[in-house]
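Below is one structure; the comments refer to it alone.
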Amino acid sequence: MRFLEKYDVREAFLISRKLLSCCDSSAASSVEAEGHVYQLLFQIKENPLAYKVGDSLGVLPKNPKHVVEKVLASLGYSPQHSVKIHDSSTTIYEFLRTRANLDKFPGKLKSFFSEEVASGNLYEAICKERPNIPMDQFTSALLPLLPRFYSLASSPEANEEELELLVRLISYPGVDEQRYGVCSFFLCRELELNTSCQVFIQPTQHFTLGVHLRNKPLVMIGAGTGIAPYKAFVQQRIATGDAGKNILFFGERFEKANFYYQDFWKQAAAQQLVDLFLAFSRDGEKKVYVQDILREHRDLVTKAYEEGASFFVCGSKVLGQEVKKTLEDILGKMQLSQLREERRYVIDVY
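Put into structure tokens, the structure is as follows:
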């Protein structure tokens, strides 16, 4: 992947992996359905990677071993067969594990499959029909396995030695088996402690703590793993002595199972370093979401705006849409548009 040549790709060693979603609660089945969430700590043994809060970590994933083995068996390929990729050679196993997208169907391979499966998932089609494809045609047609990006949950000012991620293990039902997100499975299940993976920094342009935010209120709005960059924001402000007020509006399903980094947040709140406003939609009889607690505290939101606050939104696209409507209702459409122009309303949705 030649586009990676512009990045400083490093070997990052996994030094800690901790399950943060608590699955011994009454919410266990629901948490499982939504995917476990893990805190991962990485260390780069050479010089630390230079980054700023709000940046993302690009991770070069590997396809699950059982997926690669099943593809090879279904196609009748020997795992140790040598294949030439550009100017180098490797085994077909290693190529499929590290470089090939085994989910997206390449147009050049559709003629080897029935119409019924050729519009679906490549891996599932291979397992179902076990086609006879010459190896050279197969490897040359496959699309590349692209990096995945995760918001960094760490601040270089607080600890330049470690990179921290908050990763949800993506899980979904396949045709004949449970399927997983390629990178989340690699990071949460396959990557062993004290072994490395390849990473690089993907800089953010606006989703960061610029100079114009110094000593100004910071309104952080997020849901799910969208809380990750806000931990870095608050750590950074504490480490640099920034006196600006920190306000967090956070939503998830269950407080016991899904309040990620709750020890950090509760300690910061106890020290009056952050004001917490939380919405856990499945804990009460009435479902409460982030936009609801924003409306409930509209006076506080308005006061922060008048004091020069910047507003950050991180989470799903649905969250972004609902928060936008709510802030327009509280502050006004023109005011929110002006905030965006001034880079004081910044969103990171996915």
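First residue of the sequence shown: 1, per the UniProt record's numbering; consecutive thereafter. Note that CB positions come from ideal geometry on N, CA and C, so glycine has one too. Here the structure is a predicted model, which means the values were calculated and not measured.
For T98 against K62, the beta-carbon gap comes to about 5 Å, under 8 Å, which counts as contact. A direct Cα-to-Cα measurement between E342 and I126 gives close to 51 Å. The three-state reading of DSSP puts K324 in helix, counting H, G and I together. DSSP assignment within the segment 43-118 yields the following whole alpha helix (DSSP H) runs of 4 residues or more, N-terminal first: 65-75, 92-98 and 115-118. Its chain contains P48 as the residues whose beta carbon lies nearer than 8 Å to that of E160, once the 5 sequence neighbours on both sides are disregarded; these appear in chain order. In the DSSP assignment, R237 is bridged to no other residue.
Taking C-alpha positions only, P131 is separated from E116 by approximately 14 Å. In this structure, Y261 is the residue among Y261, D103, K245 and K216 with its C-alpha nearest to the C-alpha of K231. Burial of T208 is indicated by the presence of at least 16 other C-beta atoms within 10 angstroms of its C-beta.
Using a 10 angstroms sphere on the CB of L165, the tally of other CB atoms reaches 16 or more, which defines it as buried. D283 sits in coil when the DSSP states are folded into three classes, being neither helix nor strand. For the 8 Å CB-CB criterion, F280 and R237 do not form a contact.
Counting only residues of its own chain and dropping the five nearest sequence neighbours on each side, F312 has a CB closer than 6 Å to the CB of M220 and V346.
According to DSSP, V219 shares a beta bridge with I247 and F311. Counting along the chain, the unbroken beta strand (DSSP E) around V199 starts and ends at S196 to Q202. Contact between A12 and C197 holds: CB atoms are separated by about 6 Å, below the 8 Å threshold. Beta-bridge analysis with DSSP links E5 to no other residue. In terms of Cα proximity to I133, the closest of A270, Y77 and G251 is Y77.
A distance below 8 Å separates the beta carbons of L248 and L276. Counting only the Cα atoms, A73 lies some 15 Å from T91.
When the beta-carbon positions are compared, A153 and P229 come within less than 8 Å of each other. Judged by DSSP in its simplified three-state form, I133 adopts coil rather than helix or strand. If you look at E192, you'll find it isn't in any alpha helix (DSSP H); DSSP assigns it neither H nor E. By the neighbour-count definition (other C-beta atoms within 10 Å, threshold 16), N258 is a buried residue.
Ranked by Cα distance from V301, the first of Q335, C314, A268 and K287 is Q335. Taking the CA atoms as reference points, A223 sits about 8 Å from V290. Cβ neighbours of L319 within its own chain (closer than 6 Å, five residues either side excluded): A223.
Put simply, of F95, P144, Q80 and S151 the residue whose alpha carbon is nearest the alpha carbon of V53 is S151. Checking the DSSP bridge columns, you'll see V349 partnered with G315. Under the three-state reduction of DSSP, S151 is assigned to strand. Comparing alpha-carbon positions, the option among V37, Y7 and R344 lying closest to G210 turns out to be R344.
In the three-state scheme derived from DSSP, where H, G and I count as helix and E and B as strand, F13 is classed as strand. Between the C-alpha atoms of R179 and S21 there is a straight-line separation of about 20 Å.
Short of 8 Å from the beta carbon of D103, and not among the five residues preceding or following it, lie these beta carbons of its own chain, in chain order: N121, L122, Y123 and V182. Taken atom to atom, the span from the alpha-carbon of K303 to that of L327 is near 13 Å. Sequence-distant Cβ neighbours of R17 in its own chain, meaning closer than 6 Å and more than five residues away, are Y38 and L40.
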